[in-house]
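Report on one structure; see the data block that follows.
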Amino acid sequence: MLPHEHSGFDAHHGIDWSFVEELVPDGDLILVVGKDKRLLRMSSTFLCKISPVFAAMLGPNFEEGQRLSCVKDKDSQMALELPEDDGQAVYNIFRVLYGADPATKDLEPREIQNLAIFADKYNIGPRLEFATAFWFAKYAWVDDPEETWQLTMAAFLLQQSNAFFTYTKKLVKQLQVSHLSFVEGMMDPMLGLRLCLAIEECRVHMLKHDPKPRGLCLYCFKLARLSSSMAQQDTAMSAAPDDKPESSHSQSNSVRTIVNDGDVVLVVGPEQQKIRVSADLLRQSSPVFKAMLDSNMKEGLALSLRANNAPPTEIELPADSALIVWLAYRFLYCSHPVLENISTVQMRDVAILANKYQMTERFRFPGKFWLQVPRKYKTPETRIRGLWRLLVTAYWLHLEDDFFKVSIQIVQLKMSPFMRLISLVDFDDMRNEISELRMVGMVDPVP
1 MLPHEHSGFD AHHGIDWSFV EELVPDGDLI LVVGKDKRLL RMSSTFLCKI
51 SPVFAAMLGP NFEEGQRLSC VKDKDSQMAL ELPEDDGQAV YNIFRVLYGA
101 DPATKDLEPR EIQNLAIFAD KYNIGPRLEF ATAFWFAKYA WVDDPEETWQ
151 LTMAAFLLQQ SNAFFTYTKK LVKQLQVSHL SFVEGMMDPM LGLRLCLAIE
201 ECRVHMLKHD PKPRGLCLYC FKLARLSSSM AQQDTAMSAA PDDKPESSHS
251 QSNSVRTIVN DGDVVLVVGP EQQKIRVSAD LLRQSSPVFK AMLDSNMKEG
301 LALSLRANNA PPTEIELPAD SALIVWLAYR FLYCSHPVLE NISTVQMRDV
351 AILANKYQMT ERFRFPGKFW LQVPRKYKTP ETRIRGLWRL LVTAYWLHLE
401 DDFFKVSIQI VQLKMSPFMR LISLVDFDDM RNEISELRMV GMVDPVP
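Residue numbers (full-length UniProt numbering): 1 to 447.
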């Protein structure tokens, strides 16, 4: 642990403090990551929310937490060394979880694997459900053996059973002479060797008994794997304090907090529900909010004139839904798993809100996750309503493939009250186009 009192080159520690990357500009912590000592400014509050490991490390029972509390009293910052971690992986994972940087949707398989290693070590995996759904769908057709291995390891570390089955099936089918070269350099070589053995056993079975390749069951493979001490420690700390279930009515008459030390309170909807966030999060996530807060509009002026210890600046959003704004920023700040089980109505409304504030690219991760989940409908009416909401979600989030697939399902519905049901939904232009396509049969067959 290094005190951060320098502004230039620290010859003793070999650190140039002038090259700090501002992930969270107002953060109270400088992460010194890897052998090359990459400097990343971060918020300790944010770290504690996304990781139970960091929550314990920066708590009152550990030296790091005690020293951080002393530094906070001085209104300063502290440096936390992570010498064994990969600087780019740490940078990427925080870009995913803080503001959902759209550039992270284009990560390469090796970058996803390195990110997964860091996530597994610090128990951040549950926060990456939306991102992993997008990445594994994007790389569903990967055929390079090394990239397939990297995605397999990422799927294992992030506990994605379907992706693990898919990629191990590819490894069996590819008939690579040897995977041992991929094991070299792994932090857990025993895991790599056990995976090599399992792949080879499946391959022998395929060649001798069943020509159809089969993938590995993640649960079965985990049972057969010797658990490392780190995995046992991570499992013991399975839930961060922030992950306690919340009642939908909790904090209904007070400020609902997303960023604990945030300097902005959104006053949302006719009920004027207050939601505490930060100006930096608003700026990073939305060009609309950035323009508002950096201009001479009343919101920007109020924020610029705010003293350090003054109450948060209030911004009124009377036309928006408090619940939808709350859900949207629960994703943008820490990617909270609460969004995994929201209704199709809420999915649609989050997508509309994202479009309104020009945040569409940042919601592609949850959008892809929502549209991949199989859904059951009790009646034809609930089916058409549910499919329509998914269609609108895909439309506003610009998910072209998913929009095509859902529209096919709607067009080919074999139900007599179709025209009556379709008349109940919004968005007239889209509704008319879908209806016309169904009547004249101008639609590609289902692949």
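Each residue gets a CB set at the ideal place from its N, CA and C atoms; glycine is no exception.
Item: Give every residue of the same chain whose Cβ lies closer than 6 angstroms to the Cβ of PRO165, excluding the five residues on either side of it in the sequence, and list them in chain order.; Value: According to the sequence displayed, residue 165 carries Phe and not Pro. Answer for PHE165: GLY215, listed in chain order.
Item: Around the C-beta of GLY185, are 16 or more other C-beta atoms found within 10 angstroms, so that it is buried, or is it exposed?; Value: exposed
Item: Measure the Cβ-Cβ separation of VAL350 and ILE324 and say whether it is below 7 angstroms.; Value: yes
Item: Going by CA-CA distance only, name the one from PHE363, GLU381 and GLY386 that's closest to PRO374.; Value: GLY386
Item: Please report how far the alpha carbon of VAL177 lies from the alpha carbon of LYS169, in whole angstroms.; Value: 15 angstroms
Item: With a CB to CB cut of under 7 angstroms and the five nearest residues on each side skipped, what residues in its chain are close to VAL20?; Value: ILE30, LEU39 and ARG41
Item: Could you say which of LEU332, GLN174 and PRO189 lies nearest to ARG203 if we only look at CA atoms?; Value: GLN174
Item: Could you name the residues that DSSP lists as bridge partners for TYR333?; Value: TYR98
Item: Please state the DSSP three-state secondary structure of ARG383.; Value: helix
Item: Confirm, please, whether the CB-CB distance from ARG110 to residue 472 is below 7 angstroms.; Value: In the structure as shown, the chain begins at 1 and stops at 447. Residue 472 is therefore absent and cannot be evaluated.
Item: Would you mind reading off the limits of the alpha helix (DSSP H) that contains LEU31?; Value: Here LEU31 belongs to no alpha helix (DSSP H); instead the beta strand (DSSP E) covers 29–33.
Item: Give the C-beta separation of THR313 and ASP263 to the nearest angstrom, bearing in mind that I take them to be a contact with Cβ-Cβ under 8 angstroms.; Value: 6 angstroms
Item: Return the bridge partner residues of VAL277 from the DSSP annotation.; Value: VAL264
Item: Tell me the residue span of the beta strand (DSSP E) that contains VAL255.; Value: 255–257
Item: Kindly list the residues whose CB is nearer than 8 angstroms to the CB of PRO60, restricted to its own chain and excluding five residues on each side of it in sequence; keep chain order.; Value: GLN66 and SER69
Item: Can you list, in chain order, the residues of its chain with a C-beta nearer than 6 angstroms to that of ALA302? Leave out the 5 residues immediately preceding and following it.; Value: THR313
Item: Cα separation between ALA310 and TYR98?; Value: 25 angstroms
Item: So, helix, strand or coil for ARG41, using DSSP?; Value: strand
Item: So, at 7 angstroms on beta carbons, what are the nonlocal neighbours of VAL33 in its own chain, with the 5 sequence-adjacent residues on each side left out?; Value: LEU40, LEU82, ASP85, GLY87 and VAL90
Item: How far does the alpha helix (DSSP H) with THR166 in it extend, from its first residue to its last?; Value: 161–174
Item: Using the C-alpha atoms, what's the distance from LYS208 back to GLY367?; Value: 42 angstroms
Item: According to DSSP, is GLU22 helix, strand or coil?; Value: strand
Item: Do LEU115 and ASN92 have their beta-carbon atoms positioned less than 7 angstroms apart in this structure?; Value: yes
Item: For GLN233, collect the residues of the same chain with a Cβ closer than 7 angstroms to its Cβ; drop the 5 residues on either side in sequence, then sort them by chain order.; Value: With a pLDDT of only 35 at GLN233, under the threshold of 50, the placement of this residue in the model should not be trusted; the figure read from the coordinates follows. Contacts found: none.
Item: Buried or exposed: where does PRO211 fall if 16 or more other Cβ atoms within 10 Å of its Cβ makes it buried?; Value: exposed
Item: Please return the same chain residues whose Cβ sits closer than 6 angstroms to the Cβ of ASP143, not counting the five positions on each side in sequence.; Value: none
Item: Can you find the residues in the same chain that come closer than 6 angstroms, C-beta to C-beta, to PHE365, ignoring five residues on each side of it along the sequence?; Value: PHE130, ALA131 and PHE134
Item: From the DSSP output, in three-state form, read off GLU81 for me.; Value: strand
Item: Return yes when the Cβ of SER285 is within less than 7 angstroms of the Cβ of MET359, no when it is not.; Value: yes
Item: For GLU316, does the three-state DSSP call read helix, strand or coil?; Value: strand
Item: Can you tell me the Cα-Cα spacing of ILE199 and LEU158, whole angstroms?; Value: 19 angstroms
Item: Tell me which residues share the same chain as PRO102 and place their Cβ nearer than 8 angstroms to its Cβ, disregarding the 5 neighbours each side in the sequence.; Value: GLU361, ARG362 and ARG364
Item: Assuming contact is defined by CB atoms lying nearer than 7 angstroms, are VAL411 and ALA322 in contact in what I supplied?; Value: no
Item: In the structure shown, what three-state DSSP assignment does ALA140 receive?; Value: coil
Item: Between which two residues does the alpha helix (DSSP H) containing PHE289 stretch?; Value: 287–293
Item: Can you look up ALA131 in the DSSP assignment and give me helix, strand or coil?; Value: helix
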